[in-house]
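Per our numbering, the very first residue in the first sequence carries number 67; after that it's consecutive. Report on the following structure.
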Amino acid sequence: SPDMTINFQDDYNHKPVEQQAQTFWQDNKSFKVEVDPTRQKFYCLSMFPYPSGRLHMGHVRNYTIGDVISRFQRMRGKNVLQPMGFDAFGLPAENAALKHKLPPANWTYDNIKYMRMQLQQLGYAYDWDRELATCHPDYYRWEQWFFCRLFEKGLVYKKEAEVNWDPVDQTVLANEQVIDGRGWRSGALVERRKIPQWFIKITAYADELLRDLDKLDGWPERVRVMQQNWIGRSEGLEFSFKVVGSDELLTVYTTRPDTLMGVTYCAVAAQHPLALEAAKSNPALAAFIKKQDNIKLAEAEMATLEKEGMDTGLKAIHPITGEQVPIWTANFVLMSYGSGAVMSVPAHDQRDYEFAKKYGLAIKQVISPDHISKDCNIEKEAFTERGILINSGDYNGLDFDGAFDQLLTFFENNRTGSKQVNFRLRDWGVSRQRYWGAPIPIINCAACGAVPVPDKDLPVILPTDVEIDGATSPIKKMRSFIDCACPQCGGKAERETDTFDTFMESSWYYARFASARYEGGMLNKPEVDYWLDVDQYIGGVEHAILHLLYSRFFHKLMRDLGLVKSDEPFKRLLTQGMVLKDGAKMSKSLGNTVDPEGMIEQYGADTVRLYMMFTSPPDQSLEWSDSGVEGAYRFLRRLWKLIGGFTASNLTVDVASLNDAQKEVRQKTHATIKKVTDDYDRRQVFNTAIAAVMELYNEVGKFTAANNAQDGGQNQAIVQEALEAMVLLLAPIVPHMCHVLWSHLGKQGALIDAGWPSWDEGALVATKVSIAAQVNGKLRSVLELPPDSDKAAIERAAFADETVQKFIAGVAVKKVIVVPGRLINIVVG
RNA sequence: GCCCGGGUGGCGAAACUGGUAGACGCAAGGGACUUAAAAUCCCUCGACCCUAAAGGUCGUACCGGUUCGAUUCCGGUCCCGGGCACCA
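Here's what the structure looks like:
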């Protein structure tokens, strides 16, 4: 066994250092927290991991960022909650179960055990007493309970919806399991199939989800923009075309009613009732429609398809001109969006344009550019900007708004159309035909229909003693699970065998952490009211839309049930970038992974944490480099040597007595405290915080090389102050070493309880500043001036400068721009 | 295809509000120490031209614009990455 005693004269050995610190934190339950209304709380949460087996570098990065922020806030005196758990339901467990011939539950719990140990090795300041796993009935029972409340409120409903169907394996496939249109195991061409599924009415909250984005000023702008576009609110006109020889109406929605007179055809989805009707007497059309059944469900798949269509033979009657236009079916019209039909204006919509060109359909220009919009060339492409109406009869000369108003009036008067607000957002389908998920708490009764499981019968426990066959979920044929009595009529009934989308579990875990062990309900109000909202949420940018939108939605649902009191769950959001190696995302399939465990063994958790934080800012991608890790390790060794070799004292700095060299070190110390504090707090960039501490290290190194820092005088006091600052400032990132060095610096009490250092504004004043002297915007000289030099003084110094004079000699000075403290630019010519 | 990011030395990056481009680190080269190596310490390090010393020109993906001044703002182009509703 390794020698676990620490000798500060020896080289840095991470093992005893990290063991000593971790033992201290464990023995003192340093990170266990309770409600304390007398203290300001800070809830810092990192997105919990899927227990895939071992931590990967992406996890390490994510959780280190969260830990850095948590420890920083704790040092600032906040009552910091930082919990951890596992998002434990999901598809990979079923795949692993099939491969290893063991139940998903066993695999999952084994992985959790291992990953918990790995997280502990990294020294994260978690309150482990709150750990949860979403696959545990104590957790998902409340999700089932919550779903029943939504059922009562009419916020859930069942409807037929399409899935990817593997006709050979007789199973529903996830998008991920469809490769090039075929099932990943069977290789069979996938089919679309409609099955009844449960939906939650997220569209009922679309307006609020959109509006409240404005409240999220602690979120990255790009995430808010992505969510806004995803929700996709638009205002338009909904109206209907009559169809020749049919009672059916063709209802469409358009955001460009001003182009109505340019309609030259209509397009409907393959599954549109009109297309299906026409196909009955048209085998070629039937074949075309059938072919659309083999397209994977994913939107990207449909959007990149070659645009194809076929004339249905039906004609629509233009509501204004009475003109007849053909109705086509087209593969780019989605049955799931709007009414599954569109009016087509090829002159003013690029997609319609390309389709019209391909199939020889008419193109009629009805908008011409106004003085703001660009030129148009209808021979080459559609003109999609707004402009002035032409070729539009009574509407000629109107602009977009005028045309919208007048056409709306026309349709309203005829009661054939109205203004509509549409959302791109669709209701959330939560049914999965998979095993490893939370059972949907519904009982299907022939007499009573779908009946929620009564609260007293919750949870509906997922049987875990199962065998996975790679196709059907084992509970779908498990009579002991299925057979039950109807809670309403008592008759024979069947339990729902679908499980919830795993996004359900991850949509409220942040709230459960506030009272993770509470058995009296989903959330314990006093605790939740104290800890929520999450002050800082950290996770991958890949979750920018779905997870974060569903969580926001759940929060509002919980609010409306009186469970939480705020409108939004996450005050501040940090989306961290990916970890790359050789320019690509680390992944097993590419074989470019680096196992954190080996790195921790070799260099220690502190080095890995330091490297991850130093290499890039948190929101950018991080390129892995082995020698970069070496560099981080070397810095820690140098730091150990400098501080370990320093003899601590309790001398205090006597500001009035300092010489210039001492003043400069002190200035650097305090400037570093100020900069690093700002980097942690406002900017959340840790690479520059570390760089600043390294600069301070270099400065102290130079100072000690030139002066005796152990002299018992002001040199020693100045260095002691700098070293204390370095240890405190690095503590959130390198907590183990700093914990140990803190006591070596003669400090009483644990570092985690030491306050965050403050800076002395008086110490920040520099003895001189460098002013750039430019001529015509080009740097010609650098002026060393007193820090308080005003414009006139800077100008005098610049014109007195030899090099500057060289460049302004013989030419007229046209203008002089002075930015005090920064630069002077002399414009000549 | 649509939405959102990103592109700066050999490499990771910095420049925070339009104001000295390349802080900090890695790699490389040179030197010190050493019997030697490792470790450590010191020096050099964007490209090109030029010099005895100096100095100069260019340079932040590409093209154009605004400005005394643009990595930063605007318009366009290319490339790379994330998301697209059943991967999590």
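Yeah, the Cβ is synthetic: ideal placement off N, Cα and C, and Gly gets one too. All figures in this text were calculated on a predicted structure; none of them were measured in a lab.
Sequence-distant residues of the same chain with beta carbon closer than 7 Å to residue 67, five excluded per side: Caution applies to residue 67, whose pLDDT of 42 falls short of 50 and renders its modelled position unreliable; the value that the coordinates give is listed next. Result list for residue 67: empty, nothing under 7 Å.
So, do the stretch 218 to 238 and the stretch 524 to 539 have three or more beta carbon pairs nearer to each other than 8 Å? yes
Three-way DSSP call (helix, strand, coil) for residue 224 in this model: strand
How close, in whole Å, do the beta carbons of residue 250 and residue 491 come, if the pair is a contact with beta carbons under 8 Å? No, residue 250 and residue 491 are not in contact; Cβ-Cβ is about 29 Å, not under 8 Å.
Helix, strand or coil, according to DSSP, for residue 82 in the structure here? helix
Taking all protein chains shown into account, do 16 or more other C-beta atoms lie within 10 angstroms of the C-beta of residue 165, making it buried, or fewer, making it exposed? exposed
Can you tell me which of the three DSSP states residue 294 falls into? helix
Whole-number beta carbon distance between residue 412 and residue 307, since they are thought to touch under 8 Å: 17 Å between Cβ atoms; not a contact.
Using the Cβ count rule (16 or more neighbours within 10 Å means buried), how would you classify residue 661? exposed
Where the beta strand (DSSP E) containing residue 304 begins and where it ends: 299 to 309
Same chain only: Cβ atoms within 8 Å of residue 106, ignoring 5 sequence neighbours per side: 143, 144, 145
Residue 838 (DSSP reduced to helix, strand or coil): strand
For residue 573, which residues of its own chain have a beta-carbon under 6 Å away from its beta-carbon, when the five flanking residues on both sides are left out? 616, 617, 620
Are three or more beta carbon pairs between the stretch 596 to 606 and the stretch 114 to 130 nearer than 8 Å? yes
Burial state of residue 666 (16 or more Cβ within 10 Å): buried
Leaving out the 5 sequence neighbours to the left and right, which residues in its chain are closer than 7 Å to residue 216 when beta-carbon positions are compared? 222, 266, 623
Name, in chain order, the residues that DSSP records as bridge partners for residue 744. Paired residues: none, contrary to the question.
Going by the beta-carbon positions, is the gap between residue 628 and residue 685 smaller than 7 Å? no
Whole-angstrom Cβ separation of residue 246 and residue 98, contact assumed at under 8 Å? Actually they do not touch by this definition, with Cβ atoms about 51 Å apart.
Candidates 447, 463, 210, of which the one nearest residue 454 by Cα: 463
Let me confirm a value: residue 557 is counted as buried when at least 16 other C-beta atoms fall within 10 Å, else exposed. Which label applies? exposed
Could you compute how far the alpha carbon of residue 487 sits from the alpha carbon of residue 478? 16 Å
Coarse secondary structure for residue 394, derived from DSSP in three states: strand
Classify residue 814 as buried or exposed, calling it buried when 16 or more other Cβ atoms lie within 10 Å of its own Cβ. exposed
Would residue 278 and residue 633 be called neighbours here (beta carbons separated by less than 7 Å)? yes
Just the Cα atoms here: how many angstroms apart are residue 831 and residue 737? 9 Å
Reduced DSSP secondary structure (H/G/I, E/B, other) of residue 514: coil
Give a yes or no on whether the C-beta atoms belonging to residue 568 and residue 155 are separated by under 7 Å. yes
Within 10 Å of its beta-carbon, does residue 750 have 16 or more other beta-carbons around it, so buried, or fewer, so exposed? buried
Measuring alpha carbon to alpha carbon, tell me which residue in 263, 794, 214 is nearest residue 238. 263
With H, G and I counted as helix, E and B as strand and the rest as coil, what does DSSP make of residue 258? strand
Of all the alpha helix (DSSP H) runs that stay within the bounds of the stretch 529 to 607, which reach a length of 4 or more residues? 545 to 548, 569 to 572, 575 to 578, 591 to 597
Please name the residue or residues paired with residue 315 in a DSSP beta bridge. 308
Reference residue 694, options 674, 158, 183, closest by Cα: 674
Run through the DSSP bridge pairs and tell me what residue 486 is partnered with. 302
Grouping DSSP H, G and I as helix and E and B as strand, with all else coil, what is residue 410? strand
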